[in-house]
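What follows is a single structure, written as structure tokens, with notes after it.
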Amino acid sequence: MISVYYFGAISLILIGLYAILVKKNLLKILIGLSIMETGVNLLLVSVGYVAGKSAPILSEGIRPSQAVDPIPQALVLTAIVIGVATTAMALSVAIILHEKYGTLNIEEIRRLRG
Amino acid sequence: MIGINVYLALIAIATLLSMYRVFRGPTTVDRLVAVDIMTTITAGLMVLFALYYQRMIFLDVALVYAILAFGGVIAFARYMEGGL
Amino acid sequence: MNCITCIEYIIVGVMIISAILAVEWRDLLAATVGMAAVSLFASLLFLILQAPDVAMTEAAIGAALSGAIFIFAIKRTQRFETEEEEKPGWWVRW
Amino acid sequence: MLKRALAIISLLIIGYWLAQGLAGVPFGEDKMLVGQYYLDHVKEQTGAVNAVTAVVVNYRGFDTLGEVTVLFIASTGVGALLWRKKKKRTAKTEGSIVLTTGTTLLFPFVVLFGAYIFIHGHLTPGGGFPGGATIATAFLLLYMAFVQYEIPHRAFEKTEGAVGVAYVLVGLIGLVIGGYFLYDWIWQDWGFGADNIGRLLSGGFIPIIYTIIGLKVGTELSGIIDNMLKEEVSE
Amino acid sequence: MNALAIIGEVLVLIGTFFYLLSALGLIRMPDVYNRMQTSTKSATLGSLGVMVGVGIWALGTDFGSAAWLTKSIVIAVFLLLTNPISAHALIRAAYKSGIPLWEGSVVDKYREHLEAKERGEVEEAPAEEGGEE
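Which chain is which? The protein sequence lines are A, B, C, D and E, in order.
Mapping of the first sequence onto this note's numbering: residues 1 to 114, in sequence order.
Mapping of the second sequence onto this note's numbering: residues 1001 to 1084, in sequence order.
Mapping of the third sequence onto this note's numbering: residues 2001 to 2094, in sequence order.
Mapping of the fourth sequence onto this note's numbering: residues 3001 to 3235, in sequence order.
Mapping of the fifth sequence onto this note's numbering: residues 4001 to 4133, in sequence order.
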């Protein structure tokens, strides 16, 4: 039986992938990408969880043997901020495409090429 | 610490009810109102988690939500009234 | 069954529902609202998973900034997906 | 319709693979190898209480420098893509009086809270990245409330460059003193704050680096907001 | 179980009850203005109860200290400051974007105010309320 966190993370990844594969609007694809990123972050953090242990901040009487794994959290911490910056860059590409072609439908943009 | 389960259950029911409004809301503003209420409820839930896990550092996360959550709502509102 | 476990199940279910709605809504503004809701519940799950650093970062980014830059892009492009020829599913009212 | 069916079938296959792969990673069990070493030695090796902060800044500081560089490239990319000769705010209506008064009242507190987050990065959760995002949100509030507001561009660009140089400079000082890049000379050589671990004045160069990262993230996200909000005006 | 813990529990119970009431108002009310009216007020009151209650409750336990009460009061003050601003901005945006009132509504003071202002009858309308031009 798979854990509920793994289930949620895999579901978010699949929903985001569905939006990327099926949807035609560029902004909707970016929304799917953002949801997928949240799913990946959730998966990484839930791999590092240890049942019955506390947060890896060794104050308030927490000993090192009572804390969860800090490394996946350190990875995810930077990935979130980088994710919003790259999303902003992709959105500015979408803005320029809309200025040039007047549409956000990726199939029409592909047809207009050349 | 026995009664905390009751409070968590009440907050969970409140979250489910406001999720119903997000699902059904006829306009976008209805959904946004429901998400705003969910944000407020979530700040309370985070404070209760801090008490449940007996760590004071969890209160900082609720503080972030209390201060920053209205920025997104204001961005939506300014777009809707055409003042962005 | 522990009460925290019930809360976990409820939050994961609500998060998946709002992700599906965010993908299926034709109004991009409402889709952004759904994305903000996904970020909110993910932050709660990070807190239950004993990662307060990650929860705080997700809260600071997902509460205001991530929605705001999508709204700026929507304002400079268009609000509705008009080109999509297929009807949305029967399970979505928009 | 065929495309949607094909997509759903491939999604089911990918989901099955992911579930099969994750079945070999049991949830909630102790899988720590290097993490346990970090947790055991974080107090005497870095002086910080928050192990995540120690991993981000101290053990893997070079990695964080790379992340900040990615952030800088993304911000510069937004600026370059949306560059026009004449750009202005095109909003028409000012915010209502409740909104302007409220944001003017709240702005110093939000900036102060952001500074609190990244100065106390080695004691409480948070650090430079959420602190910088909080500061950027404060400027977002001012942008939302006032039509004519703009960030002080010149000061922000100077701050951005200066803190970027300062990060590399801190690393180079460590290279000169201790022999490798980003060597924590304040904690390892001077032993500054060794008797008050868990209070503010400890943690080696973690508060310095996190202040740098917070200022960097705050200025760059504010620049992204500014670039995305202004539009080209035609004369 | 001492007196501080009991006071805190009662406050938290009141707060969560108001959360439940606000969610109930969210699904029972007919249009967006009524929903906002019922839910925001009671959610703000409920959060006040929960935050202050948790602060007092933590004082009564063995791990608690005065920092719990200080921090939770700070959270409560900020929620009290920010929630009305967002509610005001949101409901103003809903009105400006043309969402109709419920058909059972009897009075619309804001429209009366705008019409009176157009006719130039309202003299005390301040000039800095620039959103309505």
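From the three backbone atoms N, C-alpha and C, an ideal C-beta is built for every residue, glycine too.
Model, not experiment: these values are computed from the prediction.
Q: Determine the direct distance from the alpha carbon of H4113(E) to that of R4119(E), and round the result to whole angstroms.
A: 10 Å
Q) Can S54(A) and Q66(A) be called in contact, C-beta distance under 8 Å? A) yes
Q | Given 8 Å, three or more beta-carbon pairs between the segment 2028-2043 of chain C and the segment 2056-2076 of chain C | A | yes
(Q) When you compare the CB of P3207(D) with every CB in chain C, is at least one pair closer than 8 Å? (A) At a cut-off of 8 Å, the C-beta of P3207(D) has no neighbouring C-beta in chain C.
(Q) For the alpha helix (DSSP H) containing V3263(D), name the first residue and the last one. (A) Nothing can be reported for residue 3263(D), as the shown portion of chain D is limited to 3001 through 3235.
Q.
8 Å is my cut-off, CB to CB: does I2007(C) come that close to chain A?
A. no
Q) Which whole-angstrom value is the C-beta distance of I2071(C) and F1076(B), which I expect to be below 8 Å? A) 6 Å
(Q) Does the structure place the segment 4013-4029 of chain E close enough to the segment 1035-1042 of chain B that three or more beta carbon pairs sit under 8 Å? (A) Contact holds between the segment 1035-1042 of chain B and the segment 4013-4029 of chain E, because three or more Cβ pairs, one in each stretch, are under 8 Å apart.
Q. In chain order, what residues of the segment 4101-4113 of chain E put their CB closer than 8 Å to some CB of chain D?
A. With the criterion set as a beta carbon lying under 8 Å from some beta carbon of chain D, the segment 4101-4113 of chain E has no members that meet it.
(Q) Comparing C-alpha positions only, which one of F3139(D), G3204(D), P3130(D) and V3034(D) sits nearest to T3103(D)? (A) Taking only the C-alpha atoms, the option nearest T3103(D) is F3139(D).
**Q.** Cβ of G1072(B) within 8 Å of any chain C Cβ
**A.** yes
Q: Provide the residue span of the alpha helix (DSSP H) that contains V3168(D), from first to last.
A: Under the DSSP assignment, V3168(D) falls in the alpha helix (DSSP H) whose first and last residues are H3153 to G3178.
Q: Would you tell me roughly how many angstroms separate the C-alpha atoms of V50(A) and D3189(D), rounded to the nearest one?
A: 35 Å
Q) Hey, T86(A) and A3074(D): beta-carbon distance below 8 Å or not? A) Cβ distance < 8 Å, so T86(A) and A3074(D) count as in contact.
Q.
Less than 8 Å between CB atoms is the rule here; does E4129(E) satisfy it with respect to chain B?
A. For E4129(E), the predicted structure reports a pLDDT of 47, less than 50, and the residue's modelled location is therefore unreliable. A value from the coordinates is still provided. Under the Cβ distance rule, E4129(E) does not count among the residues neighbouring chain B, no pair being separated by less than 8 Å.
Q: Measure the alpha-carbon distance for E4115(E) versus D4108(E) and round it to whole angstroms.
A: Their Cα atoms are separated by approximately 11 Å.
Q) Taking 8 Å as the CB-CB cut-off, is S54(A) touching chain B? A) yes
Q) So what's S54(A) in DSSP terms, helix, strand or just coil? A) strand
Q. Which residue from Y4033(E), T4040(E), I4075(E) and Q4037(E) puts its Cα closest to that of G4053(E)?
A. For G4053(E), the nearest C-alpha among the options comes from I4075(E).
Q) Between the segment 59-88 of chain A and chain D, which residues of the former have a C-beta closer than 7 Å to a C-beta of the latter? A) S59, P64, A67, D69, P70, I71, Q73, A74, L77, T78, V81, I82, A85, T86 and A88
**Q.** Alpha carbon of R110(A) to alpha carbon of A3051(D), nearest angstrom
**A.** 48 Å
Q.
Please report whether the beta-carbon of R2026(C) lies at a distance below 8 Å from any beta-carbon of chain D.
A. Judged by the 8 Å Cβ criterion, R2026(C) is not in contact with chain D.
Q.
Tell me whether the segment 31-41 of chain A and the segment 2037-2052 of chain C touch, counting them as touching only if at least three CB pairs, one residue from each stretch, are closer than 8 Å.
A. Per the Cβ contact rule, the segment 31-41 of chain A is in contact with the segment 2037-2052 of chain C (3 or more Cβ pairs under 8 Å).
Q. Under the three-state reduction of DSSP, which class applies to I62(A): helix, strand or coil?
A. coil
**Q.** One or two residues paired with N25(A) in a DSSP bridge
**A.** N105(A)
**Q.** Buried or exposed (CB count within 10 angstroms, at least 16 for buried), M1(A)
**A.** The residue in question, M1(A), is exposed, as its Cβ has fewer than 16 Cβ neighbours within 10 Å.
**Q.** Between the CA atoms of A3007(D) and F3107(D) - distance to the nearest angstrom
**A.** 47 Å
Q) Helix or strand or just coil, what does DSSP make of I3197(D)? A) Annotated three-state conformation of I3197(D) is strand, per DSSP.
Q) In chain E, which residues lie less than 8 Å from G3114(D) when you measure between Cβ atoms? A) Neighbours of G3114(D) on chain E: none; closest Cβ ~14 Å, over 8 Å.
Q: Report yes or no: is there a C-beta of chain C within less than 8 Å of the C-beta of V1035(B)?
A: yes
Q: Please decide whether Y6(A) counts as near chain C, where near means a Cβ-Cβ distance under 8 Å.
A: Not an interface residue.
Q. Would a C-beta distance cut-off of 8 Å place V3110(D) and T3137(D) closer than the cut-off?
A. yes
Q: Identify whether K3087(D) lies in helix, strand or coil by the three-state DSSP scheme.
A: Strand.
Q. Who are the near neighbours of L2047(C) in its chain, counting only those whose CB is closer than 7 Å to its CB and skipping five residues on each side?
A. A2055
Q. Comparing the C-beta of L3099(D) with each C-beta of chain E, is any distance below 8 Å?
A. yes
Q) Which two residues bound the contiguous alpha helix (DSSP H) that contains A4003(E)? A) A4003 to R4028
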